[in-house]
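> The structure's right below; bear with me while I get my questions together.
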Amino acid sequence: MARAFISAPLDEQTKKMLLQLDRSQADVKWIEPEQWHITMQFFDAVNLDELRDRFAKIEAAQTIGALGPRVTQFGDRHLVVPVQGLSRLAENVRQSTGRLAPKQQLPFVGHITLGRTKSDIVPNLAGATVQGNFRVERLMLMESVIGSTGATHTLVDSTSLIPLDVSAHSNDI
477 MARAFISAPL DEQTKKMLLQ LDRSQADVKW IEPEQWHITM QFFDAVNLDE
527 LRDRFAKIEA AQTIGALGPR VTQFGDRHLV VPVQGLSRLA ENVRQSTGRL
577 APKQQLPFVG HITLGRTKSD IVPNLAGATV QGNFRVERLM LMESVIGSTG
627 ATHTLVDSTS LIPLDVSAHS NDI
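Per the numbering used here, numbering of the sequence shown is gapless, rising by one per residue and ending at 649.
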């Protein structure tokens, strides 16, 4: 059994924008940009071969994610950028994975985790304005292995999403 998740990657422009945020606060464990993603569904203990088969059958369209409006805290210790507009995509993923999903599945809340606080502090970055749109063109199936330095994510598979009708969303991009 493996620990895994299905996620939407960020484009390079979005990563560059997020890298301009002040990530210097010492009592925050910052997530490296190559680890940034939006989790559509998490699996704590799953048969990876079976999940890979279900992943290959996901049918979903490209969509537009909207960042912000502000960096916020999620739970007690997670510093995140909220992401709106991906609920339908997450629902398609969750329907496709069916019974492989955790029994106590949390509702989808789109976000990018920037870091985790080491104590119950309010990070300096909380409340900073972050706004922008990006196109989600693919999904990734990732295996997540917990080690002494934290989680290591390894790409298992990826799939392109059905192209977006650009003419219907030309003002969104």
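Ideal Cβ positions, reconstructed from N, Cα and C, are used throughout, including at glycine. No experiment lies behind these values; they were computed from the predicted model shown.
1) I believe Ala602 touches Leu543 by the beta-carbon criterion, under 8 Å. Please report the beta-carbon distance rounded to the nearest angstrom.
2) Report the residue from Ser483, Arg479, Met477 and Ala537 whose alpha carbon sits nearest the alpha carbon of Gln587.
3) Find the nearest neighbour of Ser500 within the set Gly591, Ala566 and Asn568, judged by alpha-carbon distance.
4) Could you say which of Gly574, Leu565, Phe519 and Gln489 lies nearest to Thr539 if we only look at CA atoms?
5) Using 10 angstroms around the beta-carbon of Ile638, count the other beta-carbons present and answer buried if the total reaches 16, otherwise exposed.
6) Excluding the 5 residues preceding and the 5 following Lys505 in the sequence, name in chain order all residues of the same chain whose CB lies nearer than 7 Å to its CB.
7) Among the residues of its own chain, which have a CB less than 8 Å from the CB of Ser636, if the five just before and after it don't count?
8) Within 10 angstroms of its Cβ, does Phe481 collect 16 or more other Cβ (buried), or is it exposed?
9) Indicate whether Val547 and Val606 have their beta-carbon atoms separated by less than 8 Å.
10) Smallest Cα separation from His629: which of Ile507, Gln560, Gly551 and Gln571?
11) I need the straight-line Cα distance from Val557 to Thr589, nearest angstrom please.
12) What residue from Val621, Arg528, Phe584 and Gly623 has the CA that sits closest to Leu576's CA?
13) What residues are listed by DSSP as bridge partners for Trp506?
14) Roughly how many angstroms separate the alpha carbons of Ser572 and Arg530, rounded to a whole number?
15) Enumerate, from N- to C-terminal direction, the unbroken alpha helix (DSSP H) stretches of 4 or more residues contained entirely within the region 552-590.
16) Indicate the three-state DSSP secondary structure (helix, strand or coil) for Gln496 in the structure shown.
If we stick to the structure as given:
1) Going by Cβ atoms, the distance from Ala602 to Leu543 rounds to 15 Å, so no, they are not a contact pair.
2) According to the sequence as given, residue 587 is His; it is not Gln. The candidate whose alpha carbon is nearest that of His587 is Ser483.
3) Gly591
4) Leu565
5) exposed
6) Gly591, Arg592 and Lys594
7) Glu613 and Arg614
8) buried
9) yes
10) Ile507
11) 7 Å
12) Arg528
13) Gly591
14) 6 Å
15) 563-573
16) coil
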